[in-house]
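K.L.:
Line by line, the protein sequences give chains A and B.
Heads up: take any position in the first sequence, counting from 1, add 1, and you land on this note's numbering.
Heads up: take any position in the second sequence, counting from 1, add 1, and you land on this note's numbering.
We put the CB at the ideal spot given by N, CA and C, even for glycine.
Attaching a single structure in structure tokens format; questions to follow.
Protein chains: 2
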Amino acid sequence: MTTNYKNVYIMDTYTVCGPYENDGPLSNYFDKRHEKELYFGEKSWEKAEVKLLKEANSNILKKNKLKEEDIDLLVSGDLQNQIAASDYMARDFNIPFMGIFEACSTIGEGILLASTFIEGRFAKKVLVSTSSHNMSAEKQFRNPTEYGAPKKRTTTFTSTGSASILLTNKKSKVKIESTTIGKVIDMGITDVNHMGAVMAPAAGDVIYNHLKDTNRDPSYYDLILTGDLGVYGKKILKEYMMMKYNIELGNNYNDCGTMLYDLDKQPVFAGASGPVCSALVGFGYIYKEMLKGKYKRVLLVPTGAIFSPTFTFQKESIPGIANAISLEAE
Amino acid sequence: MTTNYKNVYIMDTYTVCGPYENDGPLSNYFDKRHEKELYFGEKSWEKAEVKLLKEANSNILKKNKLKEEDIDLLVSGDLQNQIAASDYMARDFNIPFMGIFEACSTIGEGILLASTFIEGRFAKKVLVSTSSHNMSAEKQFRNPTEYGAPKKRTTTFTSTGSASILLTNKKSKVKIESTTIGKVIDMGITDVNHMGAVMAPAAGDVIYNHLKDTNRDPSYYDLILTGDLGVYGKKILKEYMMMKYNIELGNNYNDCGTMLYDLDKQPVFAGASGPVCSALVGFGYIYKEMLKGKYKRVLLVPTGAIFSPTFTFQKESIPGIANAISLEAE
Numbered sequence: 002m003t004t005n006y007k008n009v010y011i012m013d014t015y016t017v018c019g020p021y022e023n024d025g026p027l028s029n030y031f032d033k034r035h036e037k038e039l040y041f042g043e044k045s046w047e048k049a050e051v052k053l054l055k056e057a058n059s060n061i062l063k064k065n066k067l068k069e070e071d072i073d074l075l076v077s078g079d080l081q082n083q084i085a086a087s088d089y090m091a092r093d094f095n096i097p098f099m100g101i102f103e104a105c106s107t108i109g110e111g112i113l114l115a116s117t118f119i120e121g122r123f124a125k126k127v128l129v130s131t132s133s134h135n136m137s138a139e140k141q142f143r144n145p146t147e148y149g150a151p152k153k154r155t156t157t158f159t160s161t162g163s164a165s166i167l168l169t170n171k172k173s174k175v176k177i178e179s180t181t182i183g184k185v186i187d188m189g190i191t192d193v194n195h196m197g198a199v200m201a202p203a204a205g206d207v208i209y210n211h212l213k214d215t216n217r218d219p220s221y222y223d224l225i226l227t228g229d230l231g232v233y234g235k236k237i238l239k240e241y242m243m244m245k246y247n248i249e250l251g252n253n254y255n256d257c258g259t260m261l262y263d264l265d266k267q268p269v270f271a272g273a274s275g276p277v278c279s280a281l282v283g284f285g286y287i288y289k290e291m292l293k294g295k296y297k298r299v300l301l302v303p304t305g306a307i308f309s310p311t312f313t314f315q316k317e318s319i320p321g322i323a324n325a326i327s328l329e330a331e
Numbered sequence: 002m003t004t005n006y007k008n009v010y011i012m013d014t015y016t017v018c019g020p021y022e023n024d025g026p027l028s029n030y031f032d033k034r035h036e037k038e039l040y041f042g043e044k045s046w047e048k049a050e051v052k053l054l055k056e057a058n059s060n061i062l063k064k065n066k067l068k069e070e071d072i073d074l075l076v077s078g079d080l081q082n083q084i085a086a087s088d089y090m091a092r093d094f095n096i097p098f099m100g101i102f103e104a105c106s107t108i109g110e111g112i113l114l115a116s117t118f119i120e121g122r123f124a125k126k127v128l129v130s131t132s133s134h135n136m137s138a139e140k141q142f143r144n145p146t147e148y149g150a151p152k153k154r155t156t157t158f159t160s161t162g163s164a165s166i167l168l169t170n171k172k173s174k175v176k177i178e179s180t181t182i183g184k185v186i187d188m189g190i191t192d193v194n195h196m197g198a199v200m201a202p203a204a205g206d207v208i209y210n211h212l213k214d215t216n217r218d219p220s221y222y223d224l225i226l227t228g229d230l231g232v233y234g235k236k237i238l239k240e241y242m243m244m245k246y247n248i249e250l251g252n253n254y255n256d257c258g259t260m261l262y263d264l265d266k267q268p269v270f271a272g273a274s275g276p277v278c279s280a281l282v283g284f285g286y287i288y289k290e291m292l293k294g295k296y297k298r299v300l301l302v303p304t305g306a307i308f309s310p311t312f313t314f315q316k317e318s319i320p321g322i323a324n325a326i327s328l329e330a331e
């Protein structure tokens, strides 16, 4: 389902990153950088992630001289069970709240949800936030990292950070031009160390539907960016788009998971993942380059593997989802 | 945040219940009843819950002679980690999907989200579904029931079932008149066996804001129904509303958690809970009575305790949330 918007703009974004992301090539684009360790003064990984989310949402308000009552709606989601990082963040904000979950595609779902409220004139200012934390995710989905379990080269590395995006009906330099809502797609992949393969077909489906609904060619966009497919998932998507839809993703296509880290030097296997990966790259790096005029039209496609350890233990395959967000600079 | 709607109607609802709910006083109002056991032919509790959701969404389509492509959007959420019941349901439906999570208030969030899409003319038909399963919830949040852990009298009993609500822009007998989005509220309760106390302040906040925003008195409604506070939470809410807001909830107030079971005869402690509790009572029983003319104006307030076992182990209190949905029969 594709929707065009006339009145949805990005007022500002605020990104916070952890030490691995700070060591990566995009570090200077992030608004706050935690350089040394992953606890950030908290007593658990989960609480550390709550702190990241609070920082993003508090600081974007402070930077824009806004109070909580100036915001109509707060939309947030993350990878923790019960989206606990978002919930425990939200209890400290006196703002109506909507909790969402689409794994690493959550920021895409949040942006399209917020855009609907603004375009329909139900809200004037909406905050959308997401986060991930390498240690809270590893502990919950795989093994505590202290176990030292070996990794496959197709494994991606959950990024640490948070992002808050302030959407408004007031004209600004970058607008949300349209969005396409994705479907849950399961191609039977069961390898929990190859999320790129899980997500590529969902990304392909939503990109295909977006281009079809808008009657566009991939070349319409200066940049098409998937969320966190990583090195191998990116390759799979390009082949899949060609085979299934006869659509070539060329030099204007990239994947945020291959951009956040220095893949030659950092120990991140096939690249970055986690809800904050596409949020940091898309709303830190790309958004700031759009403000400077480097890109005019960008299709951001946050991708999510809906990995449930419970269903994997029960021999089920892993479904994927993706949403497409078209950003346009004036 | 309160929104009024002019063009959002309930086209139909479909409810599925388990054996405990079938033994309760509202059994005849449910469209499909599983009378004997809780596996429903599946090999795990989690897969049994997926089956419930699939039944509700397939059957509402079949009953209304609709195909998947007639539905613009499917919104769903449940209690399983990663809202896995909804995700694994959605992979079998070729419909754009949005995953949501607000614990037992999820159906309220879904209805207001779908109403926004319809009122804003972004969608014409939206399916909203939710589920819960006593065994999958007990296993994930507490102990496998086989352990036989003793329960406190303030404990509520997670209901088993699913519900699908089909919203449309076409006039019907029952409309979504308005909704109020709730906030995450944490009053410091740490007792995991007293969710009624966790949720009552969130219910109070959203009811107060709804009445203030619409300039209404509780007597405007034929019925005000909270989601799953149970016997003790209901009492707490009435006292809290009087003390904090000087608002009396009188004979037109009730709680779905006290209505789904026969509290004198069934082993359900303080009453029913789970996302499907307010969905079964609100969109099974109450909706059908509205069609018959028994109630004209109903304020349904699904309540959610955002209980994260991880944060509880880390000595954190439990936040709550609630949303208010005003239903009006013509």
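Using a Cβ-Cβ cut-off of less than 9 Å, give me the residues of the segment 171–194 of chain B that come near chain A, in sequence order.
P.N.:
Flagged, chain order: Thr181, Ile182, Gly183, Lys184, Val185, Ile186 and Asp187.
K.L.:
Under 8 Å, Cβ to Cβ, is there at least one residue of chain B near Arg92(A)?
P.N.:
Yes, Arg92(A) lies at the interface with chain B (some Cβ there is under 8 Å from its Cβ).
K.L.:
On the three-state DSSP scale, how would you describe Val175(A)?
P.N.:
It is a strand residue.
K.L.:
Determine contact between the segment 160–170 of chain B and the segment 8–19 of chain B, defined as no fewer than three beta-carbon pairs at a distance below 8 Å.
P.N.:
Touching, yes.
K.L.:
Using a Cβ-Cβ cut-off of 8 Å, state whether Gln315(A) counts as contacting chain B.
P.N.:
Chain B, which has a Cβ nearer than 8 Å to the Cβ of Gln315(A), makes this yes.
K.L.:
Below 8 Å between beta carbons: does that hold for Ala323(B) and Ala164(B)?
P.N.:
The answer is no: Cβ separation not under 8 Å.
K.L.:
Against chain C, with Cβ distances strictly below 8 Å, would Ser160(B) count as a contact?
P.N.:
Absence of chain C from the displayed structure is noted, the protein chains being A and B.
K.L.:
For the segment 72–84 of chain B, which residues have a CB atom closer than 7 Å to at least one CB atom of chain A, in sequence order?
P.N.:
Those residues of the segment 72–84 of chain B that come within reach of chain A (Cβ to Cβ, closer than 7 Å) are Asp73, Leu74, Asn82, Gln83 and Ile84.
K.L.:
Using the Cα positions of Asn210(B) and Leu74(A), report the straight-line distance between them to the nearest angstrom.
P.N.:
Rounded to whole angstroms, Asn210(B) to Leu74(A) spans 14 Å at the Cα level.
K.L.:
Specify, as a first and last residue, the run of the beta strand (DSSP E) that Leu128(B) falls within.
P.N.:
It spans Lys126 to Ser133 - the beta strand (DSSP E) in which Leu128(B) sits, taken as one unbroken run.
K.L.:
Compile a chain-ordered list of the residues in the segment 2–19 of chain B whose CB is closer than 7 Å to at least one CB of chain A.
P.N.:
Listed by position, the residues of the segment 2–19 of chain B near chain A (Cβ gap below 7 Å) are Met2 and Thr4.
K.L.:
Going along the chain, which unbroken runs of the beta strand (DSSP E) with 3 or more residues stay wholly within the segment 172–251 of chain A?
P.N.:
Qualifying beta strand (DSSP E) stretches, in chain order: 175–181 and 224–227.
K.L.:
Given a cut-off of 8 Å on the beta-carbon distance, is the pair Phe102(A) and Ile84(B) in contact?
P.N.:
The answer is yes: Cβ separation under 8 Å.
K.L.:
Taking Ser327(B) and Ser179(B) to be in contact with their CB atoms under 8 Å, please state how far apart those CB atoms are, rounded to whole angstroms.
P.N.:
Going by Cβ atoms, the distance from Ser327(B) to Ser179(B) rounds to 5 Å, so yes, they are a contact pair.
K.L.:
When the cut-off is 8 Å and only beta carbons count, does Met136(B) lie next to chain A?
P.N.:
False, the Cβ-Cβ gap to chain A never drops below 8 Å.
K.L.:
So, under 8 Å CB-CB, Phe31(A) and Glu69(A) are touching, yes? Tell me the CB distance rounded to an integer number of Å.
P.N.:
Going by Cβ atoms, the distance from Phe31(A) to Glu69(A) rounds to 24 Å, so no, they are not a contact pair.
K.L.:
Is Pro276(B) close to chain A, meaning its C-beta is less than 8 Å from at least one C-beta of that chain?
P.N.:
Judged by the 8 Å Cβ criterion, Pro276(B) is not in contact with chain A.
K.L.:
Val199(B): which of Ile61(B), Gly321(B), Lys140(B) and Leu53(B) sits nearest, CA to CA?
P.N.:
Looking at the Cα atoms, Gly321(B) is the closest of the given residues.
K.L.:
For Gly197(B), go through chain A and note every residue whose CB falls closer than 9 Å to its CB, in chain order.
P.N.:
Those do not exist, as Gly197(B) stays about 18 Å from chain A at its closest Cβ, beyond 9 Å.
K.L.:
Entirely within the segment 2–90 of chain A and at least 4 residues each: give me those alpha helix (DSSP H) ranges in chain order.
P.N.:
If we require 4 residues or more, the alpha helix (DSSP H) runs fully inside the segment 2–90 of chain A come out as 20–23 and 46–64.
K.L.:
Mind pulling the chain A residues with CB within less than 7 Å of Ile322(B)?
P.N.:
The contacting residues are Phe98.
K.L.:
What are the residues of the segment 209–241 of chain B that lie near chain A, defined by any Cβ-Cβ distance shorter than 9 Å?
P.N.:
So the close ones are Asn210.
K.L.:
Between Lys316(B), Glu331(B) and Phe308(B), which has its C-alpha nearest Arg143(B)'s C-alpha?
P.N.:
Among Lys316(B), Glu331(B) and Phe308(B), the Cα nearest to that of Arg143(B) is on Phe308(B).
K.L.:
Going by beta-carbon coordinates alone, are Pro97(B) and Ile119(A) separated by less than 8 Å?
P.N.:
No, the pair does not count as a contact, with Cβ atoms beyond the cut-off.
K.L.:
Exposed or buried, Gly25(A), counting other C-beta atoms within 10 Å across all chains shown (16 or more means buried)?
P.N.:
Buried: at least 16 other Cβ atoms inside 10 Å.
K.L.:
Please confirm whether Ala124(A) has its beta-carbon closer than 8 Å to some beta-carbon of chain B.
P.N.:
Output row for Ala124(A): interface = yes.
K.L.:
Could you please tell me which residues of the segment 42–58 of chain A, in chain order, have their CB closer than 8 Å to any CB of chain B?
P.N.:
Those would be Lys44, Ser45, Glu47 and Lys48, in chain order.
K.L.:
Per DSSP, which residues does Val1(B) bridge with? Please list them.
P.N.:
In this structure chain B extends from 2 to 331, so residue 1(B) is not present and cannot be described.
K.L.:
Note down the Cα distance separating Phe158(B) from Val17(B), rounded to an integer number of angstroms.
P.N.:
C-alpha separation (whole angstroms): 17 Å.
K.L.:
Where does Thr146(A) land, buried or exposed, given buried means 16+ other C-beta within 10 angstroms?
P.N.:
Label assigned to Thr146(A): exposed.
K.L.:
From what residue to what residue does the alpha helix (DSSP H) around Thr107(A) run?
P.N.:
Per DSSP, Thr107(A) belongs to the alpha helix (DSSP H) from Thr107 to Glu120.
K.L.:
Does Leu114(A) get closer than 8 Å to chain B when you measure Cβ to Cβ?
P.N.:
Closer than 8 Å: yes.
K.L.:
Strictly below 8 Å CB to CB, what residues from chain B border Thr101(A)?
P.N.:
Looking at the sequence itself, residue 101(A) is Ile, so the reference to Thr does not match. Residues of chain B passing the Cβ test: Met99, Gly100, Ile101 and Phe102.
K.L.:
Tell me whether the segment 280–297 of chain B and the segment 255–264 of chain B touch, counting them as touching only if at least three CB pairs, one residue from each stretch, are closer than 8 Å.
P.N.:
A contact exists between the segment 280–297 of chain B and the segment 255–264 of chain B.
K.L.:
Taking the DSSP output, what are the residues bridged to Ala306(B)?
P.N.:
Paired residue(s): Gly321(B).
K.L.:
Got a sec, what are the start and stop residues for the beta strand (DSSP E) Leu167(A) sits in?
P.N.:
Its beta strand (DSSP E) spans residues Gly162 to Thr169.
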